[in-house]
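Undergrad: Before I ask anything, let me first share the structure, which is written out below as structure tokens.
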Amino acid sequence: MRVPNERSGDDVLEQLSEIWPSAAPPRVQPVFEDLRTALRIPDIPFPFRILAHWPPYLAFAVRQFSPFIRSLAFEAAADALRARAAASIGSLPRSERLAAARALILREHELAPKIVLILTAFAVGLRGRSGESAPPLGTTLPPQEPLAVRPAELPRTVDERIAPLPDLSTARERGRVLLADLAALRGSPALDDFSRALAISEPAAFAELLALRRSIQADRLAQGRSELLAQAERAIRRFTLPGSKVLPDFMVPEHTLAAIDAVVDQLRTIALEALLDVTLARIALDGLDAASSAPYPVLIAVEQ
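Oh and the sequence shown: position 79 is 272 in this note's numbering, straight run, nothing missing.
Structure follows, in structure tokens:
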């Protein structure tokens with residue numbers, strides 16, 4: 194039985210430094226490599242640089258879920274989340290000020306919905322599945338059956354189209370001020386890679402993103418968050434989740450579960466805000482249709 198949460202995810206996050214791959218302990222290195230090649234990216238996203246403070250948990254959760262990341266069903270779930278995020282925002286005026294950050298925007302638009310799905314899988318795995326009510330009578334069925342879940346059907350690789358993160362270790366004063374503004378606007382810490390990289394490397398584009406975010410009504414964003422979270426939870430129920438009941442068998446101490454649970458929940462909140470922000474940026478850069486699908490779709494032929 195878990196001990197009650199005595200500290201919020203914010204409180205725990207404030208005390209944790211990021212564990213970068215270059216400084217990761219030997220037991221974390223293969224976990225990071227698993228993540229990199231499952232997500233097809235050249236580096237490690239922010240949430241996992243934090244969760245590396247609990248190597249047994251991160252190793253267990255990634256080992257359990259990374260085969261599903263490497264599936265066409267997961268790619269389809271991420272694309273559906275992109276489409277939902279774009280629909281929740283709607284059309285925006287085009288902005289050339291974001292063009293300087295195109296590589297970063299495309300990278301994070303590819304990655305952000307996947308991070309939300311993974312953290313949702315971790316969160317639901319930790320707290321357990323809850324029952325879902327049947328849809329109301331007369332509910333329209335989906336136009337086609339979802340893709341079958343075939344774990345590990347995509348090979349491990351790094352997609353060379355996806356840009357690496359810029360150096361985030363040397364935040365300028367201007368970047369810190371902008372991030373504080375974004376944190377106040379979101380109502381949660383602006384710690385994700387997208388906002389940090391944009392504030393540091395392209396402050397003019399970041400200021401444009403802040404203006405775009407302020408142009409969207411708060412209740413519209415709140416509804417978008419709720420819809421995205423509900424869709425993510427429905428999507429990951431098709432996969433085998435890293436459940437908490439077996440964690441003691443993988444040397445995850447029970448007394449750490451409350452802190453892990455709080456941090457995963459807070460990281461998911463941050464990731465959800467990042468998904469909304471990068472969708473805003475992609476709509477303003479390339480239009481609503483482009484923001485509704487993956488910028489780097491899988492090009493690997495898979496035998497059905």
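Don't be surprised by glycine CBs; every beta carbon is placed ideally from N, CA and C.
Just so it is clear, the structure is predicted and the values come from calculations on it, not from any experiment.
Would you check if the stretch 279-295 and the stretch 255-263 touch, i.e. whether three or more CB-CB distances between them fall below 8 Å?
TA: With the cut-off at 8 Å, the stretch 255-263 and the stretch 279-295 do not touch.
Undergrad: For the stretch 422-431 and the stretch 214-234, state whether three or more C-beta atom pairs, one from each stretch, are separated by less than 8 Å.
TA: Touching, no.
Undergrad: What beta strand (DSSP E) runs, 3 residues minimum, are completely inside the stretch 449-473?
TA: Counting only runs of 3 or more, we get nothing.
Undergrad: Thinking C-alpha only, which one of 486, 277, 389, 295 is nearest residue 422?
TA: Against the sequence shown, residue 422 aligns to sequence position 229. Closest by alpha carbon: 277.
Undergrad: Kindly give me the distance between the Cβ atoms of residue 489 and residue 298, rounded to whole angstroms, as I take these residues to be in contact under 8 Å.
TA: Residue 489 sits at position 296 when you count from the first residue of the sequence shown. Residue 298 sits at position 105 when you count from the first residue of the sequence shown. No, residue 489 and residue 298 are not in contact; Cβ-Cβ is about 12 Å, not under 8 Å.
Undergrad: Could you name the residues of the same chain whose beta carbon sits closer than 7 Å to that of residue 471, not counting the 5 residues immediately before and after it, in chain order?
TA: In the sequence shown, residue 471 corresponds to position 278, counting from 1. Same-chain partners within the cutoff: 298, 301, 302, 305, 387.
Undergrad: Excluding the 5 residues flanking residue 217 on each side, which residues of the same chain have their C-beta closer than 7 Å to its C-beta?
TA: As a first step, residue 217 must be located in the sequence shown, where it is residue number 24. Answer for residue 217: 225, 245, listed in chain order.
Undergrad: What's the gap between the Cα of residue 197 and the Cα of residue 402?
TA: Within the sequence shown, residue 197 is the residue found at index 4, counting from 1. Within the sequence shown, residue 402 is the residue found at index 209, counting from 1. Reliability fails at residue 197, whose pLDDT of 38 lies under 50, so the model's placement of it is uncertain and the value that follows must be treated cautiously. Those two C-alpha atoms are separated by around 38 Å.
Undergrad: Whole angstroms are fine: how far does the CA of residue 240 sit from the CA of residue 452?
TA: Along the sequence shown, one-based indexing puts residue 452 at 259. Along the sequence shown, one-based indexing puts residue 240 at 47. Those two C-alpha atoms are separated by around 14 Å.
Undergrad: Could you check what DSSP says for residue 246 in three-state terms: helix, strand or coil?
TA: Locating residue 246 in the sequence shown gives position 53, counting from the first residue. Note: residue 246 maps to coil in three-state DSSP.
Undergrad: Three or more beta-carbon pairs under 8 Å between the stretch 338-357 and the stretch 377-397, yes or no?
TA: Contact between the stretch 338-357 and the stretch 377-397 is absent, because fewer than three Cβ pairs lie under 8 Å.
Undergrad: Nearest CA to the CA of residue 340: which residue from 480, 407, 212, 431?
TA: Within the sequence shown, numbered from 1, the residue matching residue 340 stands at position 147. Checked all of 480, 407, 212, 431; the closest Cα to residue 340 is 431.
Undergrad: On the three-state DSSP scale, how would you describe residue 263?
TA: Working through the sequence shown from its first residue, we reach residue 263 at position 70. Coil, per DSSP.
Undergrad: Whole angstroms is fine: what's the gap from residue 326's alpha carbon to residue 270's?
TA: Residue numbering aside, residue 326 sits at position 133 when the sequence shown is read from its first letter. Residue numbering aside, residue 270 sits at position 77 when the sequence shown is read from its first letter. Its pLDDT being 49, under 50, residue 326 is placed unreliably by the model, and the measurement read from it follows with that caveat. Between residue 326 and residue 270, the C-alpha separation is close to 21 Å.
Undergrad: Just list the alpha helix (DSSP H) runs in the stretch 351-381, keeping only unbroken ones of 4 residues or longer that don't cross its boundaries, in chain order.
TA: As far as the stretch 351-381 is concerned, its whole alpha helix (DSSP H) runs of at least 4 residues are 366-379.
Undergrad: Figure out for me which residue from 247, 397, 311, 480 has the closest Cα to the Cα of residue 166.
TA: An answer regarding residue 166 cannot be provided, because it is not within the stretch 194 to 497 covered by the chain.
Undergrad: Using a threshold of 8 Å, state whether the C-beta atoms of residue 476 and residue 484 are closer than that.
TA: What you label residue 476 is simply residue 283 of the sequence shown in a count that begins at 1. What you label residue 484 is simply residue 291 of the sequence shown in a count that begins at 1. Yes, the pair counts as a contact, with Cβ atoms nearer than the cut-off.
Undergrad: Could you compute how far the alpha carbon of residue 275 sits from the alpha carbon of residue 417?
TA: Numbered from 1 along the sequence shown, position 82 holds the residue referred to as residue 275. Numbered from 1 along the sequence shown, position 224 holds the residue referred to as residue 417. Approximately 12 Å, taken between the alpha carbons.
Undergrad: Pull up the distance between the alpha-carbon of residue 368 and that of residue 439, whole angstroms please.
TA: On the sequence shown, position 175 is the one that residue 368 refers to. On the sequence shown, position 246 is the one that residue 439 refers to. Their Cα atoms are separated by approximately 42 Å.
Undergrad: Taking the alpha carbon of residue 391 as the point to measure from, which residue in 447, 347, 295 has its own alpha carbon closest?
TA: Counted from its first residue, the sequence shown places residue 391 at position 198. That would be 295, whose Cα lies nearest to the Cα of residue 391.
Undergrad: Just the Cα atoms here: how many angstroms apart are residue 442 and residue 461?
TA: Along the sequence shown, one-based indexing puts residue 442 at 249. Along the sequence shown, one-based indexing puts residue 461 at 268. Near 26 Å, if we compare the C-alpha coordinates of residue 461 and residue 442.
Undergrad: Can you tell me the Cα-Cα spacing of residue 494 and residue 267, whole angstroms?
TA: Position 301 of the sequence shown, counted from the start, is the residue given in the question as residue 494. Position 74 of the sequence shown, counted from the start, is the residue given in the question as residue 267. A caution first: residue 494 carries a pLDDT of 46, below 50, which makes its placement in the model too unreliable to give a value.
Undergrad: Rounded to the nearest angstrom, how far is the Cβ of residue 291 from that of residue 398, given a contact under 8 Å?
TA: By one-based count along the sequence shown, residue 291 stands at place 98. By one-based count along the sequence shown, residue 398 stands at place 205. Right, the Cβ-Cβ distance comes to about 5 Å (below 8 Å), so this counts as a contact.
Undergrad: In the DSSP assignment, find the alpha helix (DSSP H) that holds residue 306 and state where it starts and stops.
TA: The residue you call residue 306 lines up with position 113 of the sequence shown. 295-320 is the span of the alpha helix (DSSP H), which, as asked, contains residue 306.
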